[in-house]
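First residue of the sequence shown: 171, per this note's numbering; consecutive thereafter.
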Amino acid sequence: MGSALWIAISGLNASSKQMDVIGNNIANANTMGFKAGKAYFANVLSQSLSGGASGVMQIGQGVTVADVATQFSQGSLESTTSALDLAIDGGGFFIVEDDEGSQYYTRAGAFHIDGDGFLVDVNNYRVQGYPPGTPTLGDINTRNAQSAPVASTNFSIGLNLDARTATGGTYNSSQTVFDSLGAAHTLAVTYMKTEGDGQWGMYVTLDGDAPDSQNYSGLSFDGLGNLEKVYSSTMGSPTGSGSGTASAVLAAGHNGQIYQTGSLVLQRDSVNAWSVHSTSDYPNASVTGYGVTNVDDTLLIDLDGFGGADITVTLGGTWANGDLLTIPFTYTEADPADITVAFSGLANGAVIGNGGTLTWDLTSAQAETITGYASSSTVKALANDGYPSGVLRSLAIEKDGTITGFFTNGQTASLGQIALGDFPNPWGLKKMGSNLFSATLTSGQAIINTPGAGGLGEVTSNALEMANTDLGTEFITMITAQRAYQANAKVITTTDAMMAELMNIKR
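See the structure below:
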């Protein structure tokens, strides 16, 4: 009968420990990432007695708490306003590391960026992942994250050029492009209506300066207003009847007129005096003969009277009165193609374009559309592939743990990827407090991978995983624990009464 007292006491102890587990579960019902525990009981080794019909007669010696197992069921997700709040939807743990290099594991994903740019948890332990460009697990740091400037190499303009524009009428568009140092420059295009239906010339300037060269000089639209042809003016090798030599080029600042096959004839009238005539068969290139004076080695020819040096002729040798210098020129008509414009080095030592050459994108799938409809000239879209430097503005984290940085220049970049760890036996993990677990021999070593891979869960940004405590279940378990405690207490009082009766026999 005395054993009954100790057996009942073991029941009281077991029920008391069960209540401790229940109380802890309820106390942490609002703790993010908390995983509830569950007490498991086991009977104590029985006392064997001899005899008995079965051949084995045993009396149990009570109960003990065999295990308090952590329940790793999924907790509910609660939305937050921080992109750095992460919840794991599925299996796995976030990996964090303290200042001494010890790693811990947690389901609590309330992270932030510390003063040194590291992604850390509420304990200021550094979150582990894969920094950009490396497969090695390490800290995630955003301190030096920036977007380097990229020089504009391609630009595109979407616009309509009014088909009703009179010959000589112009329209201007401008956009911002960037050099290799990220400095902004104004790229302006002037469109000039030339003779002939749907014919436009154009020229480009950068910060008001003409390019060194420009390989296309005209656009042509069909009767429906669609871009049909582009034109390239090309100078031939000049020939002359004098004893000198000369060279001729399309000068920077060419106004964009469209010239058909023909030639310019320069005749020396007297010392430092030349007259210029045209044999072009295209009306737009007709030039009335006129004299030029005060010429030494260079002759600048303005073909249309708009003030631009359309052709530069460098003279050399000896020229007599009446000598002729003939400069042939042709144009190339082609289906729409990209236009290139070359600029020399900029004042700040930076470079713009690809080796100083900007390409006007007219043909790619991303190119903006140019039309020649009979409606007001207007710019519809401007685009270029350059941008200035940028600083980190905000972060976003994808389901696979990829951290994307958004910069003030409109660019994005990957800043790393969160890693998750899982275990062969997660029930063997040791609770360390502060929502942390540590690995043990029982749990096995962590199996590390990226979210969504290897059976791991995905991460959800702007959310936290709440405790998986089920209050309804806890209350029911509390009632059964209370009744078990009461019953064991009753065993003690009953046994005490029986022992009292036994004492009364002596009286």
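A virtual CB, placed ideally from N, CA and C, is assigned to each residue, including glycine.
- When DSSP states are grouped into helix, strand and coil, K205 belongs to the coil group.
- Between I617 and I588, the C-beta spacing is not below 8 Å.
- If you look at K363, you'll find it in the beta strand (DSSP E) that goes A354 to K363.
- Straight-line spacing of the CA atoms in P558 and W370 works out to 33 Å.
- The beta carbon of V561 sits closer than 7 Å to the beta carbons of Q316, F577 and T578 from its chain, once the five residues preceding and following it are set aside; these are given in chain order.
- Taking the C-beta atoms as reference points, D508 is found nearer than 8 Å to L532.
- Fewer than three Cβ pairs drawn from the stretch 312 to 331 and the stretch 241 to 253 lie within less than 8 Å of each other, which leaves the two stretches out of contact.
- By the beta-carbon neighbour count (other beta carbons within 10 angstroms, threshold 16), M673 is exposed.
- Partner residues in the beta bridge of R296, as assigned by DSSP, are E267 and V290.
- About 31 Å separates the Cβ atoms of F204 and N213, ruling out a contact at the 8 Å cut-off.
- Cβ-Cβ distances below 6 Å link D268 to Y295 in the same chain, with the five nearest sequence neighbours on each side left out; the list follows chain order.
- Non-local C-beta neighbours of T610 in its own chain, meaning closer than 6 Å and more than five positions away in sequence, comprise G598 and K600, ordered along the chain.
- Within the DSSP secondary-structure output, L611 pairs in no beta bridge.
- Distance check between D640 and each of S173, T582 and I192 places I192 closest, using alpha-carbon atoms only.
- In the three-state reduction of the DSSP assignment, K550 falls in the strand class.
- CA-CA distance, N638 to V238, rounds to 16 Å.
- For K601, the enclosing beta strand (DSSP E) starts and ends at K600 to G603.
- Put simply, the backbone Cα of A517 is about 12 Å away from that of L351.
- If the five residues before and after L182 are omitted, its C-beta is found closer than 7 Å to the C-beta atoms of Y655, N658 and A659, all from its own chain and listed in chain order.
- A straight-line Cα-Cα distance of about 42 Å links T496 and S545.
- Using a C-beta cut-off of 8 Å, the stretch 644 to 652 makes no contact with the stretch 255 to 270, since fewer than three inter-stretch Cβ pairs fall below that distance.
- As DSSP reads the structure, F242 sits in no beta bridge.
- The Cβ atoms of G523 and T356 do not sit closer than 8 Å to each other.
- Annotated three-state conformation of L329 is strand, per DSSP.
- Distances from the alpha-carbon of Q188 to those of V235, W176, K399 and I229 put V235 closest.
- Straight across, the Cα-Cα distance linking S326 with D367 is about 24 Å.
- Taking 8 Å as the upper bound for CB-CB distance, A336 and Y543 are not in contact here, some 16 Å apart.
- The beta carbons of G586 and G262 sit no closer together than 8 Å.
- Measuring C-alpha to C-alpha distances from M202 to each of V233, F211 and F281 identifies F281 as the nearest.
- In its chain, beyond the 5 residues on either side, F288 and R296 have a beta carbon closer than 6 Å to the beta carbon of D309.
- Distances from the CA of D286 to each of G271, N311 and G299 were compared; the closest alpha carbon is that of N311.
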